[in-house]
Amino acid sequence: MATATRTDTTLTVTKIGGRIGAEIGGVRLGGDLPEADVAGIRAALLAHKVVFFRGQEHLDEASHEAFAELLGAPVAHPTVPSADGRYALGIDSHHGARANQWHTDVTFVPAYPAFSILRAVTIPPYGGDTLWANTATAYSNLPEPLRVLADGLRAVHSNEYDYAALRPDALPEALAQYREVFTSTKFLTEHPVVRVHPETGERTLLLGNFVQRIQGLTGRDSRALLDLFQAHIESPENTVRRQWQPGDVAIWDNRATQHYGVDDSDDHERTLRRVTVDGDVPVGPDGVPSRLLSPENVPDPAFGIASGASTSDAPAA
Ligand SMILES: [Fe+2]
Numbered sequence: 004m005a006t007a008t009r010t011d012t013t014l015t016v017t018k019i020g021g022r023i024g025a026e027i028g029g030v031r032l033g034g035d036l037p038e039a040d041v042a043g044i045r046a047a048l049l050a051h052k053v054v055f056f057r058g059q060e061h062l063d064e065a066s067h068e069a070f071a072e073l074l075g076a077p078v079a080h081p082t083v084p085s086a087d088g089r090y091a092l093g094i095d096s097h098h099g100a101r102a103n104q105w106h107t108d109v110t111f112v113p114a115y116p117a118f119s120i121l122r123a124v125t126i127p128p129y130g131g132d133t134l135w136a137n138t139a140t141a142y143s144n145l146p147e148p149l150r151v152l153a154d155g156l157r158a159v160h161s162n163e164y165d166y167a168a169l170r171p172d173a174l175p176e177a178l179a180q181y182r183e184v185f186t187s188t189k190f191l192t193e194h195p196v197v198r199v200h201p202e203t204g205e206r207t208l209l210l211g212n213f214v215q216r217i218q219g220l221t222g223r224d225s226r227a228l229l230d231l232f233q234a235h236i237e238s239p240e241n242t243v244r245r246q247w248q249p250g251d252v253a254i255w256d257n258r259a260t261q262h263y264g265v266d267d268s269d270d271h272e273r274t275l276r277r278v279t280v281d282g283d284v285p286v287g288p289d290g291v292p293s294r295l296l297s298p299e300n301v302p303d304p305a306f307g308i309a310s311g312a313s314t315s316d317a318p319a320a
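Next comes the structure, spelled out in structure tokens:
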């Protein structure tokens with residue numbers, strides 16, 4: 004039976020999955036949210052990794068961003084221009100940006116976002132669900148020899164990958180255009196495969212589709228190990244799946260999750276807006292931080308601060 008726990012506000016948190024996911028009720032999101040509600044949301048987010056809200060139709064780009072500021076500093080995507088000239092990134096089914104690969108947002112830069120806040124605008128009549136996976140429980144449920152192995156590995160992440168392989172049915176011109184924008188700067192970042200979470204202290208697996216290879220291994224060994232760890236992340240018991248409704252909002256701890264946008268709405272329109280909140284540079288169990296291999300710095304985007312531009316020690320909140 005689902006258990007709803009009340010805090011000293013009207014906010015309710017209801018766990019919806021064994022390892023990941025909670026529904027939050029009794030709250031109207033915006034920049035004017037009371038401190039107790041913000042604290043309740045943050046605590047739920049750290050505990051459940053992804054939290055869901057219904058009925059937030061009142062949000063627009065400005066109030067979405069104002070709410071994000073209560074969780075930390077909003078950051079722009081390092082290469083893709085925003086939907087509103089500020090921080091709101093458009094996730095639009097007609098613009099080639101489908102996310103039907105398991106990934107953590109923007110891991111091709113060192114200080115990738117701590118939180119992503121995704122708001123449904125136009126939802127297709129069927130399909131288009133999103134799945135999230137808990138990368139902390141994926142690690143803690145590994146058999147000990149695999150945890151020890153993962154602890155010592157480092158992986159190279161990049162924003163350059165094979166877009167045509169991801170979307171074999173897309174128009175070549177649309178793909179080429181999207182690829183050109185997404186990879187206008189090519190990033191290579193080395194991360195530990197196991198990240199120590201800066202707020203909870205949990206160990207998490209830091210992998211996903213921006214990974215190119217594991218350092219020091221041949222391509223074949225690297226692929227085999229990536230597939231092995233990724234299978235533990237994607238295991239159904241380790242995930243939660245959400246069917247979107249207009250006015251829905253999902254917030255995830257991007258340091259402790261991967262997600263996957265299911266591409267099964269045919270040609271129906273699906274539009275969401277994402278605002279990301281700045282994160283800090285990961286460290287592995289040995290304390291060694293992630294490092295940007297190329298270019299030398301994360302260049303400034305057209306507006307604001309880019310994710311990853313804060314080079315080190317940026318607070319998570
Ligand atoms: Fe994403």
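Sequential numbering from 4 applies to the sequence shown in our numbering.
C-beta: ideal position from N, C-alpha, C; glycine also.
Go to Pro148, then tell me how far its alpha helix (DSSP H) extends in each direction, as first and last residue. The sequence position of residue 148 within the sequence shown is 145, counting from 1. Bounds of the alpha helix (DSSP H) holding Pro148 are Glu147 to Asp154.
Any 3 or more C-beta pairs closer than 8 angstroms across the segment 85-93 and the segment 228-248: No, because fewer than three Cβ pairs between the segment 85-93 and the segment 228-248 fall closer than 8 angstroms, the two stretches do not touch.
Based on the DSSP output, what are the partners of Pro292 in its beta bridges? Walking along the sequence shown from the start, residue 292 turns up at place 289. Pro292 is bridged to Val286.
Beta-carbon proximity of Thr279 to Phe185, cut-off 8 angstroms: Reading the sequence shown from its first residue, position 276 is the one you call residue 279. Reading the sequence shown from its first residue, position 182 is the one you call residue 185. The answer is no: Cβ separation not under 8 angstroms.
Might you give, ordered along the chain, the residues of its own chain that have their beta carbon closer than 7 angstroms to the beta carbon of Ile126, omitting 5 neighbours on each side? If you number the sequence shown from 1, residue 126 lands on position 123. The residues are Trp247, Gln248, Pro249 and Arg273.
CB of Pro195 within 8 angstroms of CB of Pro77, strictly: Working through the sequence shown from its first residue, we reach residue 195 at position 192. Working through the sequence shown from its first residue, we reach residue 77 at position 74. No, the Cβ-Cβ distance between Pro195 and Pro77 is not below 8 angstroms.
On the three-state DSSP scale, how would you describe Leu191? Your numbering for residue 191 matches position 188 in the sequence shown. Leu191 falls in the strand class under three-state DSSP.
Nearest-angstrom Cβ-Cβ length linking Lys52 and Thr260, presumed shorter than 8 angstroms: The residue given as residue 52 occupies position 49 in the sequence shown. The residue given as residue 260 occupies position 257 in the sequence shown. About 5 angstroms separates the two Cβ atoms, so the contact holds.
Which of helix, strand or coil DSSP assigns to Asp316: Your numbering for residue 316 matches position 313 in the sequence shown. Only weak support exists for where Asp316 lies, its pLDDT of 41 falling under 50; the value from the coordinates is given anyway. In the structure shown, Asp316 sits in coil (DSSP, three-state: anything other than H, G, I, E or B).
Three-state secondary structure (DSSP) of Val41: Position 38 of the sequence shown, counted from the first residue, corresponds to residue 41. DSSP places Val41 in the helix class (H, G or I) of the three-state scheme.
Any non-hydrogen atom of ligand 1 closer than 7 angstroms to Ala270 Cβ: To locate residue 270, count along the sequence shown from 1; it is residue 267. Looking at the sequence shown, residue 270 is not Ala but Asp. No, the beta carbon of Asp270 sits no closer than 7 angstroms to any heavy atom of ligand 1.
Where are the beta strand (DSSP E) runs, 3 residues long or more, that stay fully inside the segment 63-119, in chain order? At a cut-off of 3 residues, the continuous stretches assigned as beta strand (DSSP E) that sit fully inside the segment 63-119 are 92-95.
Which term fits Arg226, buried or exposed, when burial requires 16 or more other beta carbons within 10 angstroms of its beta carbon? As a first step, residue 226 is located in the sequence shown; it is residue number 223 there, counting from the start. It counts as exposed.
Return yes when at least one heavy atom of ligand 1 lies under 7 angstroms from the C-beta of Ala253, else no. Residue numbering aside, residue 253 sits at position 250 when the sequence shown is read from its first letter. Residue side-chain check: Ala253 keeps its Cβ at 7 angstroms or more from all non-hydrogen atoms of ligand 1.
Please work out which residues of its chain come closer than 8 angstroms, Cβ to Cβ, to Pro292, disregarding the five sequence neighbours upstream and downstream, and give them in chain order. Stepping through the sequence shown from its first residue, residue 292 is reached at position 289. Closer than 8 angstroms at the Cβ level, and outside the excluded window around Pro292, lie Pro113, Val284, Pro285, Val286 and Ser315.
Ser143 lies in the alpha helix (DSSP H); which residues open and close that run? Within the sequence shown, residue 143 is the residue found at index 140, counting from 1. That run of the alpha helix (DSSP H) goes Thr138 to Ser143.
Cβ shell of Val41 (< 6 angstroms), same chain only, five flanking positions each side left out: Reading the sequence shown from its first residue, position 38 is the one you call residue 41. Taken in chain order, the residues that qualify are Leu73.
For a test of the three-state rule: what should DSSP assign to Asp251, helix, strand or coil? For this step, residue 251 is matched to residue 248 along the sequence shown. For Asp251, the secondary structure class from DSSP, reduced to helix, strand or coil, is coil.
The segment 28-46 / the segment 56-67 touching (three or more Cβ pairs under 8 angstroms): A contact between stretches requires three or more CB pairs, one per stretch, nearer than 8 angstroms, and the segment 28-46 meets this requirement with the segment 56-67.
Is it buried or exposed, Gly21, if we count other Cβ atoms within 10 angstroms and call 16 or more buried? To locate residue 21, count along the sequence shown from 1; it is residue 18. Per the 10 Å Cβ criterion, exposed.
What are the residues that DSSP puts in a beta bridge with Tyr129? Translated into the one-based positions of the sequence shown, residue 129 becomes position 126. DSSP lists no partner for Tyr129.
If you draw a straight line from the C-alpha of Asp303 to the C-alpha of Pro146, how long is it? The residue given as residue 303 occupies position 300 in the sequence shown. The residue given as residue 146 occupies position 143 in the sequence shown. Taking the straight line from one Cα to the other gives about 42 angstroms.
Compute the Euclidean distance between the alpha carbons of Leu3 and Gly29, then round it to the nearest angstrom. The first residue shown for the chain is 4 and the last is 320, placing residue 3 beyond what the model contains.
For the putative contact between Tyr142 and Thr207, defined by C-beta atoms under 8 angstroms, what is the C-beta separation to the nearest angstrom? Counting from one through the sequence shown, the residue named residue 142 turns up at place 139. Counting from one through the sequence shown, the residue named residue 207 turns up at place 204. Between Tyr142 and Thr207, the beta carbon gap of about 6 angstroms places them in contact (Cβ cut-off 8 angstroms).
His235 lies in the alpha helix (DSSP H); which residues open and close that run? Position 232 of the sequence shown, counted from the start, is the residue given in the question as residue 235. Per DSSP, His235 belongs to the alpha helix (DSSP H) from Gly222 to Glu237.
Where does Leu156 land, buried or exposed, given buried means 16+ other C-beta within 10 angstroms? If you number the sequence shown from 1, residue 156 lands on position 153. Classification for Leu156: buried.
Shorter than 7 angstroms, the distance from the beta carbon of Ala42 to the closest heavy atom of ligand 1, or not? Residue numbering aside, residue 42 sits at position 39 when the sequence shown is read from its first letter. Flag unset: Cβ of Ala42 not near ligand 1.
Between which residues of its own chain and Arg294 is the CB-CB distance below 6 angstroms, once the five residues before and five after are set aside? Stepping through the sequence shown from its first residue, residue 294 is reached at position 291. So the qualifying residues of the chain are Glu193.
Less than 8 angstroms separating the beta-carbons of Asp132 and Arg245? To locate residue 132, count along the sequence shown from 1; it is residue 129. To locate residue 245, count along the sequence shown from 1; it is residue 242. The answer is yes: Cβ separation under 8 angstroms.
Shortest alpha-carbon distance to Asp256 belongs to which of Ala136, Phe213 and Val265? Here residue 256 refers to the residue found at position 253 of the sequence shown. Of the candidates Ala136, Phe213 and Val265, the one whose C-alpha sits nearest the C-alpha of Asp256 is Ala136.
If we ignore side chains and look at the alpha-carbon of each, how far apart do Arg258 and Ala46 end up? Taking the first residue of the sequence shown as 1, we reach residue 258 at position 255. Taking the first residue of the sequence shown as 1, we reach residue 46 at position 43. Near 14 angstroms, if we compare the C-alpha coordinates of Ala46 and Arg258.
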